[in-house]
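A short worksheet on the structure shown next.
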Amino acid sequence: MPRKLLIGGNHKAAGSLAAVDGVVKALNGMGEIPANAEVVIAPTALHVGRVREALRQDVGVAVQDIHTKKAMGAFTGSMTADLVKDFGGVSWVIIGHSERRTIWNETDAQTAEKIKAAQEAGFQVIFCIGETLPEREAGRTLEILYRQTKAVADSITKEAWKGIVVAYEPVWAIGTGKVATTEQAQEAHAALRKWLAENVSAEVAEETRIIYGGSVTAASAAGLISQPDIDGFLVGGASLKPEFVDIVNSAKHSQ
Ligand code: PGA
């Protein structure tokens, strides 16, 4: 069974009302989503309700982060998995984005805790990993990716991988306009899949979707998606533009 592609849009804290409404309109009007792909967008918590009401039902909605504790409670400024579940309409959670890791100093252990909380509440997870530029230049890319992935692999069951999509997002490519080359991305994705085969199971390696993120545009999407181990994208800046529809349609170039 070929892996179903996932095209995700991460609005970060960058989506004005006009931009978010524009993307919803573009997605609603784009015609059929390619049959080999699913689409999910992650507006800010502020916009989730508005987006879910207006957006076509075959596009999923994600939140951009979740608290480490699952239950509702006294966590000012944060959202728990139970809170999001109670609100309804959200099926995905992004966890471990590099901005969470760098700006909020989120650790591997916290990322793993958040994944457990999200999964226990029934959410699907986009789990982000990626190396910084100094780490890449020091030849440590794979070591970093394996460390970040192991922290999660050690705390979940093999079965739980069914609800996880790994997003490889080199930190140096995020928001910089410097997209990884197709070779760099394919190499990292293939290495991760091999790591999953050796450290989790052959089945998990075969079935887990590994998507790429970092300055993806309509122009770079077709080349990246044609790589055998690239199963979709997590798109930041371009997910707030009508161009996002072209990125979704790049799924047609997958082999
Ligand atoms: P970008 O962001 O596409 O703006 O580089 C990607 C991401 O952070 O998920």
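Using my numbering, read the sequence shown as starting at -16 and increasing by one per residue.
Heads up, the beta-carbon is just placed ideally off N, CA and C, and yes, glycines get one too.
Remember, predicted model here, so these are calculated numbers, not experimental data.
**Message:** Suppose you measure from the CA of Val231 to the CA of Lys(-13); what does that come to, to the nearest Å?
**Reply:** For the pair Val231 and Lys(-13), the Cα-to-Cα distance works out to about 13 Å.
**Prompt:** Cβ-heavy atom distance between Ile157 and the ligand PGA below 7 Å?
**Reply:** Checking the Cβ of Ile157 against the ligand PGA gives yes.
**Request:** Measure the C-alpha to C-alpha separation of Ala202 and Thr132 and round it to an integer number of angstroms.
**Result:** Rounded to the nearest angstrom, the two C-alpha atoms are 29 Å apart.
**Message:** Please tell me whether Asp229 and Leu(-11) are closer than 8 Å, where the distance is taken between their beta carbons.
**Reply:** Inclusion of Asp229 and Leu(-11) in the CB contact set at 8 Å is not warranted, their separation being larger than that value.
**Message:** I need the straight-line Cα distance from Ile16 to Phe110, nearest angstrom please.
**Reply:** Rounded to whole angstroms, Ile16 and Phe110 show a C-alpha spacing of 23 Å.
**Request:** Please determine, among Val23, Asp91, Ser74 and Gly79, the residue with the shortest C-alpha to C-alpha distance to Gly105.
**Result:** Out of Val23, Asp91, Ser74 and Gly79, Ser74 has the C-alpha closest to the C-alpha of Gly105.
**Distance CB(Gly(-9))-CB(Val42) smaller than 8 Å** = No, these two residues do not count as a Cβ contact at 8 Å.
**Message:** With the cut-off set at 8 Å, would you say Thr191 and Ala134 are in Cβ contact?
**Reply:** No.
**Message:** Taking 7 Å as the cut-off, is the beta-carbon of Ala205 closer than that to any non-hydrogen atom of the ligand GDP?
**Reply:** The model on display carries the ligand PGA but not the ligand GDP.
**Message:** My assumption, with CB atoms under 8 Å, is that Val46 sits in contact with Leu38. Please give the rounded CB distance.
**Reply:** The C-beta distance from Val46 to Leu38 rounds to 14 Å, too long to meet the 8 Å contact threshold.
**Request:** Have a look at Gly158, Pro153 and Ala174 and flag the residue whose alpha-carbon is nearest the alpha-carbon of Thr164.
**Result:** By alpha-carbon distance to Thr164, the top candidate from Gly158, Pro153 and Ala174 is Pro153.
**Burial state of Ile242 (16 or more Cβ within 10 Å)** = Summary: the structure shown does not reach residue 242, with the chain confined to residues -16 through 238, and so no result is reported for it.
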